[in-house]
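Report on the following structure.
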Ligand SMILES: [Zn+2]
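Residue numbers (this note's numbering): -5 to 272.
Shown next as structure tokens:
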């Protein structure tokens, strides 16, 4: 289905261009720069241009198409998500913790890492939801659609070969969606996903800092972002020991505060139900 906002960015672009053009023309014709109509036209142009730039970069993009980053609900539920795996030994440790806690999570796997550890990828997929996180974990924000398509298709192929499942979720590496990334993902049958809270755990902060960042930022319907791998690196270059050590306490605290845990598709379904009931 065509996203209802699929053409909204064109209106923003027209406003940006027209605002700048009107302000420029008025100035060229001798109107004072500080006259109200000139300033209004320039302001509208700048605001529209700023909105376009912001929406290009944000993991919560709205203007160029839907990026799911939280469920609009007051129910105390969260979706735990993990990026950049599979990566031995961290992914396995996480699987043990989640199994012990009776929680299903969502893992955005990197195709290259899936090729390296297909059995671990399959183990993840047998218990949890799996999404595509490209093949080589590149910056796609400014890439041509052809490059985006190749990265996504290679990721799909690697994950399908290892797990037998074809992901219907996609999260862009480094978090910056461009409009072309969103439309290619949708063409390939994947919904784009962001997050509502993260811990900057790729910088390997201490365990208690990771816990505090997640627990302070999380709310009903939230999507947490943590990492079980690091780009396309393998152990020992990839070190996610702090993240894995933080997860048990994060889960205990959330449970103590009455939170339940859903996979991303389950959280998306809840969001859709809540919207219908309003
Ligand atoms: Zn990543």
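Think of the CB as a built atom: it goes at the ideal place given N, C-alpha and C, for glycine as much as any other residue.
Taking the beta strand (DSSP E) that residue i falls in, what are its first and last residues?
i	result
residue 260	From DSSP, residue 260 is part of no beta strand (DSSP E) but of the alpha helix (DSSP H) over 258 to 270.
residue 77	71 to 79
residue 123	123 to 126
residue 141	Careful: residue 141 lies outside any beta strand (DSSP E), inside the alpha helix (DSSP H) at 139 to 157.
residue 218	216 to 221
residue 185	185 to 187
The alpha helix (DSSP H) spanning residue i covers which residue range?
i	result
residue 104	Counting along the chain, residue 104 falls outside any alpha helix (DSSP H), and DSSP gives it neither H nor E.
residue 178	173 to 181
residue 236	235 to 250
residue 253	Premise fails: residue 253 is in no alpha helix (DSSP H) and is neither H nor E.
residue 205	201 to 211
residue 91	84 to 95
Give me the residue from the options with the minimum Cα distance to residue i.
i	options	result
residue 10	137, 20, 28 and 35	35
residue 186	198, 207 and 161	161
residue 206	175, 242, 224 and 78	242
residue 236	157, 77, 220 and 250	220
residue 99	123, 87, 155 and 170	123
residue 277	260, 254 and 234	With the chain running from -5 to 272 in the structure shown, residue 277 is simply not present.
residue 146	199, 259 and 176	176
residue 169	140, 139, 182 and 131	131
residue 88	136, 260 and 244	244
residue 37	61, 262, 17 and 261	17
residue 125	260, 150 and 182	150
residue 228	264, 22 and 111	111
residue 158	247, 139, 183 and 119	119
residue 230	259, 249 and 83	83
residue 259	75, 27 and 39	75
residue 209	182, 181, 77 and 249	249
residue 252	212, 270, 163 and 39	212
residue 61	163, 90 and 200	163
residue 226	39, 133, 29 and 69	133
residue 246	91, 183, 200 and 148	91
residue 256	40, 59 and 69	69
Which residues in the same chain as residue i place their Cβ atom closer than 7 Å to its Cβ, once the five residues preceding and following it in sequence are excluded?
i	result
residue 152	105, 108, 109 and 129
residue 204	193, 195, 236, 237 and 240
residue 27	21
residue 154	160
Could you tell me if residue i is buried or exposed, where buried requires 16 or more neighbouring beta carbons within 10 angstroms of its beta carbon?
i	result
residue 197	exposed
residue 166	buried
residue 13	buried
residue 127	buried
residue 174	buried
residue 71	buried
residue 103	buried
residue 188	buried
residue 263	exposed
residue -5	Note that residue -5 has pLDDT 39, beneath the 50 cutoff, so the model's placement of it is unreliable and the number below is only indicative. Classification for residue -5: exposed.
residue -3	The pLDDT assigned to residue -3 is 47, lower than 50, so where the model puts this residue is not dependable; a value taken from the coordinates is nonetheless given after this. By the neighbour-count rule (16 or more Cβ atoms within 10 Å), residue -3 is not buried but exposed.
residue 138	exposed
residue 234	buried
residue 140	exposed
residue 19	exposed
residue 30	exposed
Within its chain, find whatever has a CB closer than 8 Å to the CB of residue i; leave out the 5 residues flanking it on each side and keep chain order.
i	result
residue 93	121
residue 67	214, 215, 264, 265 and 268
residue 24	none
Leaving out five residues on either side along the sequence, give the residues of the same chain with a beta carbon under 6 Å from the beta carbon of residue i.
i	result
residue 64	190, 215, 216 and 217
residue 117	none
residue 143	178
residue 266	none
residue 85	79, 114 and 222
residue 232	81, 223 and 224
residue 261	65 and 73
residue 201	236, 239 and 240
residue 199	none
| message | Strictly closer than 6 Å from CB to any heavy atom of ligand 1: give me those residues in the order they appear in the chain. | response | Sorted by chain position, residues whose beta-carbon lies closer than 6 Å to a non-hydrogen atom of ligand 1 are 77, 78, 127, 131 and 167.
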